[in-house]
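Heads up: the structure comes next, in structure tokens.
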Amino acid sequence: MGLKEEILELERTCLEELGHGLNKKRARSDKYQAEYYRTYRENLYEDMDQQHIEEYGGGSGGEMKDKRYPAKMSSIRSSSAMTFNLLGNRTATIKRNPYGLSEGIYSVAYEKKVPTLLGRNPANLDAYLCLTGKTDKTEAVFCEMKMMEWIINTPGYLNNAYKNDNNYFAKYMPEGEKSVSVFLKAITMLEQVMPVHEITVEESGPGEFQKNSRKEHSFQHYDAWQMFKHTLGIYNMTSRHTLKMMESKYNNTNEVNVFEMRNKFKKVTLVNVVFEPPTEIIREEKSREKLIAYKASEHEDFELNFKRILIESGVQQLFTDDCGLKFDIIYMSAKDLMIMLDMTEDRWKYLSRYRLER
198 MGLKEEILEL ERTCLEELGH GLNKKRARSD KYQAEYYRTY RENLYEDMDQ QHIEEYGGGS
258 GGEMKDKRYP AKMSSIRSSS AMTFNLLGNR TATIKRNPYG LSEGIYSVAY EKKVPTLLGR
318 NPANLDAYLC LTGKTDKTEA VFCEMKMMEW IINTPGYLNN AYKNDNNYFA KYMPEGEKSV
378 SVFLKAITML EQVMPVHEIT VEESGPGEFQ KNSRKEHSFQ HYDAWQMFKH TLGIYNMTSR
438 HTLKMMESKY NNTNEVNVFE MRNKFKKVTL VNVVFEPPTE IIREEKSREK LIAYKASEHE
498 DFELNFKRIL IESGVQQLFT DDCGLKFDII YMSAKDLMIM LDMTEDRWKY LSRYRLER
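The letter at position 358 of the sequence shown is residue 555 when you use our numbering, and the numbering goes up by one with no holes.
See the structure below:
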């Protein structure tokens with residue numbers, strides 16, 4: 198049994214103890230019975246409000262729709278199901294915490310679209326929390342959630358479009374070129390500390406597809422490029438240098454409200470929330486050692502590389518200079534988020550599926 202299989206087995210056992218076990222007789226097929234509920238609703242703590250159903254329906258991941266395979270949200274390792282189970286419907290209350298997030302009631306929205314480049318689809322952030330009850334500027338928390346992706350998947354690579362300054366919204370505003378150069382500097386600095394991977398891709402050639410090899414940069418486990426794109430998207434939604442071009446692109450669509458976040462925040466925090474199974478519950482020694490190494494890699498590449506480079510390249514400072522707000526990026530476990538959320542004992546008990554404590 199490998200690491201993935203052992204973690205899934207532990208979660209299945211936990212769900213059975215909670216009275217939410219997978220019903221194999223009702224599984225879509227034998228192929229999916231070890232991981233999927235029959236419907237995504239069975240994978241949620243509570244019924245989802247229509248508002249959020251529409252938000253997930255508009256996302257890019259096909260979270261709720263059965264296709265040739267079950268809906269992603271019906272999987273017990275679904276990060277979108279974990280996101281909703283942690284935050285719930287419409288509002289979430291954050292308590293006193295060591296991360297500098299303000300206490301209070303936050304409105305909650307899911308699959309928040311933030312444009313990154315001209316000519317490309319917006320990025321989708323798993324959750325967008327906005328502090329309520331403020332008469333002046335308020336605070337926002339954007340969440341990117343990871344269930345088991347960081348354990349079993351290879352992080353994505355950065356499309357070359359992000360290395361071309363002509364694709365940036367800020368390029369076409371006075372003083373915007375300076376800001377674009379900061380993001381390009383961050384890309385260069387990240388590539389300098391990332392391992393290089395030689396990959397084979399199929400590209401169209403004269404009359405046929407050709408297999409070509411190219412070199413790409415990524416960390417082993419931490420998905421830095423996704424977080425870079427989310428950072429850029431939040432900058433675009435709040436910067437004085439991007440409004441004109443974004444308004445031109447999205448003015449006649451309902452895809453993005455380009456005015457929604459302008460001059461609204463005094464502080465924005467981008468949070469990586471990661472499901473981290475306790476290493477001591479992994480029985481097989483090789484799998485346990487693997488998980489220990491994966492965690493060390495994930496934490497190191499976030500703190501010592503990605504976050505450091507956002508600061509040293511000047512990206513963090515751009516939010517002060519161009520957006521008039523304080524920007525921070527933090528990493529926490531799913532358990533850490535649970536601890537700082539105000540919730541019922543029943544919900545806390547149900548969420549033990551994401552703590553797997555023994």
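Virtual Cβ for every residue (Gly too), placed ideally from N, Cα, C. The structure presented is a predicted model; accordingly, all values stated were derived computationally and were not measured.
Per-residue burial, residue i [other beta carbons within 10 Å of its own, 16 or more giving buried]
i: residue 411; result: exposed
i: residue 469; result: buried
i: residue 501; result: exposed
i: residue 247; result: exposed
i: residue 490; result: exposed
i: residue 545; result: exposed
i: residue 392; result: exposed
i: residue 312; result: buried
i: residue 456; result: exposed
i: residue 321; result: buried
i: residue 445; result: exposed
i: residue 268; result: buried
i: residue 295; result: exposed
i: residue 240; result: buried
i: residue 282; result: buried
i: residue 430; result: buried
i: residue 285; result: buried
i: residue 443; result: buried
i: residue 324; result: buried
Spatially closest choice to residue i from the options, by CA coordinates
i: residue 333; options: 461, 549, 395 and 420; result: 461
i: residue 473; options: 487, 326, 231 and 482; result: 487
i: residue 550; options: 200, 216 and 315; result: 216
i: residue 236; options: 261, 359 and 204; result: 261
i: residue 467; options: 446, 493, 513 and 442; result: 513
i: residue 203; options: 498, 547 and 477; result: 477
i: residue 362; options: 379, 351 and 346; result: 379
i: residue 541; options: 475, 482 and 289; result: 289
i: residue 495; options: 198, 243, 530 and 325; result: 530
i: residue 233; options: 421, 270 and 441; result: 270
Strand pairing of residue i, partner residues [DSSP]
i: residue 395; result: 412
i: residue 527; result: 468
i: residue 370; result: According to DSSP, residue 370 bridges with nothing at all.
i: residue 320; result: 311
i: residue 488; result: According to DSSP, residue 488 bridges with nothing at all.
i: residue 342; result: 470
i: residue 327; result: 304 and 337
i: residue 233; result: 272
i: residue 291; result: 301 and 538
Chain-order list of residues whose beta-carbon lies under 6 Å from that of residue i (same chain, five-residue window excluded)
i: residue 438; result: 367, 370, 373, 376 and 519
i: residue 249; result: 307
i: residue 208; result: 273 and 550
i: residue 201; result: 349
i: residue 301; result: 328
i: residue 528; result: 469 and 499
i: residue 388; result: 414
Residues of its chain near residue i, where Cβ-Cβ distance is below 7 Å and the 5 sequence neighbours each way are ignored
i: residue 458; result: 434 and 435
i: residue 314; result: 358, 359, 364 and 365
i: residue 464; result: 336, 522 and 523
Q | Residue ranges of each alpha helix (DSSP H) within the segment 417–484, 4 or longer | A | 421–435 and 440–447
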